[in-house]
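Working notes, structure below.
This is the structure:
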């Protein structure tokens, strides 16, 4: 385990480095805030041996599987680690490194945080085991639509602020930086590690990337259903109510009856964005209705949203009808309904209000699922002759 402490031997090494010619001196200050680790081997012309083994096809495939894109572990976040695909993804998280005079993007190789710079080749530069390494394939940290409010906060001696951005779940590595550039913070080693020109440097003071979780409320709105891509399943007709009139008389009899039935329609909106249960979220959307083989969208309604929750709407249908039964006949009227299962993709906007009053907006996608009644019909069946009826004279 490594700690930010200094031995007399290392101090003597530092003094020796200060006395080296200017051409070979490191540009990083080596005061009480840092310790230089052993450098990578240098060739005669000063180029760096990066200790990058030649990857076989099998090894490359295995690493690509490990480096698959994954979201950052938060209740509701647009942060995601996106695998490098030979082009910089949109909304990549970056800093401008004034010391090096370049833009650096937050990256990670496996769970090792570091930096990617277009001028330094398609690699993630990270520090580990006394050296700077060039990792590939690697992942870039992306803040889709710049939706999340990110802030660099001070840390020291391995401390990290609340809601710090972690490289991997369950790993004590965090995204950090100091004035020399991007690197990683290890809470176990109580240091910030910086990759620099083949070497690994560590510091006791640094900044850690954090995400603002002080969310007051969220709203889903501007819901647009993509009905052309909908899936509809029709159920067999369902008998809800029956009414029967039996006429043993020798003249027609008319009966007036009222058929009433209450049933429930279930609907659910599942979205691609993770919504925290502790944050009040309102959805405002119209309800798709499947009527006579086509979709109609009702007026918008607003209700509280929670992930996976099914919204149940109760409907009561009433039909009044008059049935005329011939002599010695029985007549039946049946109330039937036709149910449909609907699956409709949609797009929407999500706005988030923070405790400081700031509002952020992003686009989301989702799927609307519903089981609803398309129509209710009353069917008068063919009247049948009554058994054991007395003949009319």
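In our numbering, the protein residues as written are 57 to 449. Glycine included, each C-beta is placed from N, C-alpha and C at the ideal position.
- Under the Cβ criterion (8 Å, minimum of three pairs), the region 273-289 does not count as touching the region 250-260.
- According to the DSSP assignment, residue 420 belongs to the beta strand (DSSP E) that extends over 415-436.
- Residue 406 is bridged by DSSP to 276, 418.
- Under the three-state reduction of DSSP output, residue 369 falls in the strand class.
- Pairwise C-beta distances place the region 229-245 out of contact with the region 293-303, as fewer than three of them are shorter than 8 Å.
- In the DSSP assignment, residue 233 falls within the unbroken beta strand (DSSP E) covering 229-234.
- Residue 352 has its alpha-carbon roughly 46 Å from the corresponding atom of residue 383.
- The closest CA to that of residue 319, considering only 192, 146, 373, 378, is found on 373.
- In this structure, the beta-carbon distance from residue 324 to residue 288 does not fall below 7 Å.
- Under the criterion of beta carbons closer than 8 Å, residue 421 and residue 310 do not qualify as touching, at roughly 56 Å.
- Counting only the Cα atoms, residue 308 lies some 15 Å from residue 449.
- A check of alpha carbon separations from residue 247 across 270, 280, 211 identifies 211 as the nearest.
- Residue 162 is bridged by DSSP to 171.
- Inclusion of residue 196 and residue 145 in the CB contact set at 7 Å is warranted, their separation being smaller than that value.
- DSSP places residue 209 inside the beta strand (DSSP E), whose first and last residues are 206-212.
- In this structure, residue 168 lies near residue 184, with their beta-carbon atoms less than 7 Å apart.
- Excluding the 5 residues flanking it on each side, residue 133 has same chain C-beta neighbours closer than 8 Å at 127, 204, 267, 330, in chain order.
- For residue 407, the closest alpha carbon among the candidates 356, 416, 401 is that of 416.
- By the C-beta density criterion, residue 426 is buried, having at least 16 other C-beta atoms within 10 angstroms.
- DSSP lists 184, 255 as the beta-bridge partner residues of residue 187.
- In this structure, residue 441 places its C-beta atom within 7 Å of the C-beta atom of residue 385.
- Note on geometry: alpha-carbon atoms of residue 177 and residue 402 lie some 40 Å from one another.
- Residue 202 sits in a helix when the DSSP states are folded into three classes.
- In terms of CA proximity to residue 340, 358 leads the group 148, 358, 398.
- Taking 7 Å as the cut-off, the Cβ atoms of residue 251 and residue 170 count as close.
- Of the residues assessed, residue 254 falls on the buried side of the cut-off, its CB having 16 or more other CB atoms within 10 angstroms.
- Put simply, of 387, 361, 193 the residue whose alpha carbon is nearest the alpha carbon of residue 337 is 361.
- Buried is the label assigned to residue 232, since at least 16 other Cβ atoms lie within 10 Å of its Cβ.
- Going by DSSP, residue 262 is part of the beta strand (DSSP E) stretching over 261-267.
- Here DSSP, grouped into helix, strand and coil, assigns residue 294 to strand.
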